[in-house]
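Undergrad: Structure in structure tokens, see below.
2 protein chains.
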Amino acid sequence: MQLTQWTDYSLRVLMYCAKNSDRDTPITIMEILERHQISKSHLTKIVSFLSNTGYLKTTRGRNGGISIARPPRNISVGEVVRMTESNFEIVECFNKKTNSCSITSTCKLKHLLQNATNAFISKLDQVTLDQIC
Amino acid sequence: MQLTQWTDYSLRVLMYCAKNSDRDTPITIMEILERHQISKSHLTKIVSFLSNTGYLKTTRGRNGGISIARPPRNISVGEVVRMTESNFEIVECFNKKTNSCSITSTCKLKHLLQNATNAFISKLDQVTLDQIC
Numbered sequence: 001m002q003l004t005q006w007t008d009y010s011l012r013v014l015m016y017c018a019k020n021s022d023r024d025t026p027i028t029i030m031e032i033l034e035r036h037q038i039s040k041s042h043l044t045k046i047v048s049f050l051s052n053t054g055y056l057k058t059t060r061g062r063n064g065g066i067s068i069a070r071p072p073r074n075i076s077v078g079e080v081v082r083m084t085e086s087n088f089e090i091v092e093c094f095n096k097k098t099n100s101c102s103i104t105s106t107c108k109l110k111h112l113l114q115n116a117t118n119a120f121i122s123k124l125d126q127v128t129l130d131q132i133c
Numbered sequence: 001m002q003l004t005q006w007t008d009y010s011l012r013v014l015m016y017c018a019k020n021s022d023r024d025t026p027i028t029i030m031e032i033l034e035r036h037q038i039s040k041s042h043l044t045k046i047v048s049f050l051s052n053t054g055y056l057k058t059t060r061g062r063n064g065g066i067s068i069a070r071p072p073r074n075i076s077v078g079e080v081v082r083m084t085e086s087n088f089e090i091v092e093c094f095n096k097k098t099n100s101c102s103i104t105s106t107c108k109l110k111h112l113l114q115n116a117t118n119a120f121i122s123k124l125d126q127v128t129l130d131q132i133c
């Protein structure tokens, strides 16, 4: 069981920006690259995604860069993971389109796995970005 | 976030065998194939694995087949998932060998994700095979 690399890196970027939210100068992509071994193209996509979804602010120009768009104390880890982890189909039958299991209608495993996934996410909902960086 | 197909199918096979544990005649691979759309070679590997790990009994010959080796009420779903899900490294840094994250020593996210994973498994530990089939 794994979260996607997209989620892992998005959290790292947000944690870095949250940790440096009091700084006067914007954070640069190069600075995050030096801290984390993420490819530049991958990091650029993540920053763009987090900017489009309202988590980061980006400013252009010579003194441009990235900053966190919302107070870290108002961003729960669960909220981020829900957004970045597009696939929360813990097993095949969670996706009606691709499900091939013939016992879905009577299966109690699906309900159990949904409960377990909720318990996982619930733990992440209880913690905000400022508490982990 | 997904469990492996190996875990998904192992659970389906065990649930089928648990459901038919009172039957006089052994269960056949063909019968499970008819019930679930799993390839025969994949199913054979799963049955062999579950047999080697003491969850299934297999008997050879014309009237041979598969049966559950332990009472379903004594097999928790969590126990099965722990065994089949070899990779419980929810993010990269859970594996010391492949971890490339430079902030691991001070990172609180790892601890949070471990707690969340424990909460997930804990839900599965509370339910036994006989309760879901």
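Protein chains in written order, with our numbering: chain A, 1 to 133; chain B, 1 to 133.
Virtual Cβ for every residue (Gly too), placed ideally from N, Cα, C.
(1) Work out the CA separation of M1/A and T84/B for me, nearest whole Å.
(2) Can you list, in chain order, the residues of its chain whose CB lies under 8 Å from that of I27/A, leaving out five sequence neighbours each side?
(3) Could you check the C-alpha separation between R70/B and Q37/B for me, to the nearest Å?
(4) Sort K57/A, N95/A and K97/A by Cα distance to T25/A and report the nearest one.
(5) Rounded to a whole number of angstroms, what is the C-alpha to C-alpha distance between N63/A and Y9/B?
(6) Using a Cβ-Cβ distance under 8 Å, would N115/A count as near chain C?
(7) So what's I27/A in DSSP terms, helix, strand or just coil?
(8) List the endpoints of the continuous beta strand (DSSP E) containing S67/B.
(9) Would G78/A and D125/A qualify as a contact pair, given that the criterion is a beta-carbon distance under 8 Å?
(10) Does DSSP put T143/B in a helix, a strand or coil?
(11) Would a check of beta-carbon distances place L56/A closer than 8 Å to chain B?
(12) Using the C-alpha atoms, what's the distance from S86/A back to I121/A?
(13) Bridge partners of Q2/A, per DSSP?
(14) Could you work out which residue in V81/B, K97/B, N118/B and K40/B is closest to T53/B when comparing CA atoms only?
(15) By Cβ distance, which residues of its chain are closer than 8 Å to A116/B, with the 5 residues on each side in sequence left out?
(16) Classify T7/A: buried if its beta carbon has 16 or more other beta carbons within 10 angstroms, exposed otherwise.
TA: In brief:
(1) As a first step, residue 84/B must be located in the second sequence, where it is residue number 84. As a first step, residue 1/A must be located in the first sequence, where it is residue number 1. Taking the straight line joining both Cα atoms gives about 10 Å.
(2) Sequence index remark: in the first sequence, residue 27/A carries index 27 (1-based). Excluding sequence neighbours, I27/A sits near Y16, C17, N20, G65, I66 and S67.
(3) What you label residue 70/B is simply residue 70 of the second sequence in a count that begins at 1. What you label residue 37/B is simply residue 37 of the second sequence in a count that begins at 1. For the pair R70/B and Q37/B, the Cα-to-Cα distance works out to about 25 Å.
(4) Position 25 of the first sequence holds residue 25/A. Of K57/A, N95/A and K97/A, the residue nearest in Cα terms is K57/A.
(5) Position 63 of the first sequence, counting from 1, holds the residue named residue 63/A. Position 9 of the second sequence, counting from 1, holds the residue named residue 9/B. Rounded to whole angstroms, N63/A to Y9/B spans 54 Å at the Cα level.
(6) Given the protein chain composition of this structure (A and B), no chain C is represented.
(7) Locating residue 27/A in the first sequence gives position 27, counting from the first residue. If DSSP states are grouped into helix, strand and coil, I27/A belongs with the strands.
(8) Here the question's residue 67/B lines up with position 67 in the second sequence. DSSP places S67/B inside the beta strand (DSSP E), whose first and last residues are G65 to I68.
(9) Stepping through the first sequence from its first residue, residue 78/A is reached at position 78. Stepping through the first sequence from its first residue, residue 125/A is reached at position 125. Closer than 8 Å, so yes.
(10) Lying before the first or after the last residue shown, residue 143/B is absent from chain B, which here runs from 1 to 133.
(11) As a working mapping, residue 56/A is identified with position 56 in the first sequence. So, not an interface residue.
(12) Locating residue 121/A in the first sequence gives position 121, counting from the first residue. Locating residue 86/A in the first sequence gives position 86, counting from the first residue. Distance between the alpha carbons of I121/A and S86/A: 14 Å.
(13) Translated into positions along the first sequence, residue 2/A becomes position 2. Answer is Q2/B.
(14) Translated into the one-based positions of the second sequence, residue 53/B becomes position 53. Answer by Cα proximity: V81/B.
(15) Here residue 116/B refers to the residue found at position 116 when the second sequence is read from its first residue. Setting aside the 5 residues that flank it on each side, A116/B is surrounded in the same chain by I90, each with a C-beta closer than 8 Å to its C-beta; the list follows chain order.
(16) If you number the first sequence from 1, residue 7/A lands on position 7. Residue environment for T7/A: buried (at least 16 other C-beta atoms within 10 angstroms of its C-beta).
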